[in-house]
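Residue numbers (our numbering): 5 to 271.
Accompanying notes for the structure given below.
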Ligand SMILES: [Zn+2]
């Protein structure tokens with residue numbers, strides 16, 4: 005699933021290609037995508053409008069058309085491209101011969117239409133927690149979230165607490181911080197919490213710099229893979245030696261998700 009770095013990489017490419025262009029037409033081919041507006045409502049609200057900005061909140065892409073904003077969550081397999089594809093789930097035609105196609109094999113993606121002025125107070129954004137690189141991401145706020153006996157790895161995936169982190173970067177940030185993924189969040193010392201707080205942003209920033217991670221399906225706007233999969237230290241490396249201590253990396257299940265960690269240097 006695309007996480008913050010992959011969605012940010014897409015956002016930057018989309019902004020460069022589409023910002024300032026007017027939407028000439030839109031067609032929805034997958035009605036299950038639509039959460040709160042019909043195709044007709046979308047057409048009435050958006051066709052003829054200029055795309056002011058492409059923004060991001062956590063793993064959500066926001067297409068700001070002035071009065072209204074389209075909020076897209078790619079979920080497992082959603083992917084955007086400017087090249088024609090078979091079976092698109094939606095097509096947005098912009099001025100300047102730019103057409104945006106949405107591909108989604110698993111059909112789990114979601115699309116909301118919201119008034120731009122209240123985008124952050126309404127579903128699906130309203131319930132999101134603090135976000136790395138945003139003013140809300142302070143050590144004080146982070147530390148307050150840790151006052152629970154929930155396992156730290158599972159807490160990092162809870163979008164209502166910290167938004168934007170998924171399985172890959174939760175595993176990598178815990179490895180970088182030398183913290184065992186099963187530790188109850190409240191058991192972290194102040195210095196461990198400090199380390200994790202900093203490593204989350206460090207790992208995400210490194211991944212953004214490499215245009216994200218492509219381990220399964222993620223591709224950039226023009227089909228190119230990200231580059232951070234070559235720098236993963238634990239994720240998807242079960243049985244391979246730890247880069248720090250050579251102990252084989254272990255995979256366990258937490259809340260139905262695979263967790264990768266080094267049993268020697270994460271405690
Ligand atoms: Zn190790």
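Every residue gets a Cβ at the ideal spot worked out from N, C-alpha and C, and that includes glycine.
Item                                                                                                                         : Value
Three-way DSSP call (helix, strand, coil) for residue 184 in this model                                                      : coil
Beta carbon shell of ligand 1 at less than 6 Å from a heavy atom                                                             : 246, 248, 249, 251, 266, 268, 269
Straight-line gap, residue 112 to residue 106 (C-alpha atoms, nearest Å)                                                     : 12 Å
Segment contact, 8 Å Cβ cut-off, at least three pairs: the segment 241-248 with the segment 152-159                          : no
Identified DSSP bridge partners for residue 262                                                                              : 257
Runs of beta strand (DSSP E) wholly within the segment 76-158 (minimum 3 residues, chain order)                              : 82-85, 94-98, 102-108, 114-119
When 176, 217, 237 are compared against residue 9, the one with the closest alpha-carbon                                     : 217
Segment contact flag, the segment 12-30 with the segment 48-68, C-beta cutoff 8 Å, min 3 pairs                               : yes
Boundaries (first-last residue) of the alpha helix (DSSP H) holding residue 194                                              : 194-213
Bounding residues of the beta strand (DSSP E) (the contiguous stretch that carries residue 29)                               : 27-32
Rounded straight-line distance, which links the Cα of residue 161 to that of residue 192                                     : 17 Å
Through-space distance from residue 165 to residue 145, alpha-carbon basis                                                   : 10 Å
Residues of its chain near residue 288, where Cβ-Cβ distance is below 7 Å and the 5 sequence neighbours each way are ignored : An answer regarding residue 288 cannot be provided, because it is not within the stretch 5 to 271 covered by the chain.
Residue 129 and residue 37 closer than 8 Å at C-beta                                                                         : no
Any C-beta of chain D under 8 Å from that of residue 267                                                                     : Among the protein chains of the structure shown there is no chain D, as only one such chain exists.
Inter-residue CB distance, residue 143 and residue 198 (contact presumed, cutoff 8 Å)                                        : 7 Å
Bounding residues of the beta strand (DSSP E) (the contiguous stretch that carries residue 61)                               : 57-61
The segment 130-141 / the segment 91-106 touching (three or more Cβ pairs under 8 Å)                                         : no
Opposing strand residues paired with residue 72 [DSSP bridges]                                                               : 119
Selected residue, minimal CA-CA separation from residue 259, among 245, 171, 206                                             : 171
Cβ-based burial, residue 121 [other Cβ within 10 Å; buried from 16]                                                          : exposed
Residue 157 burial status per 10 Å Cβ neighbour count (16 or more: buried)                                                   : buried
Environment of residue 91 [buried if 16+ CB atoms lie within 10 Å]                                                           : exposed
Candidates 178, 235, 206, 18, of which the one nearest residue 68 by Cα                                                      : 18
Start and end residues, alpha helix (DSSP H) containing residue 48                                                           : 43-50
Counted within 10 angstroms of its Cβ, other Cβ atoms place residue 169 as buried (16 or more) or exposed                    : buried
Cβ pair residue 1, residue 51 closer than 8 Å                                                                                : A query on residue 1 cannot be resolved here, the shown segment of the chain reaching from 5 to 271 and no further.
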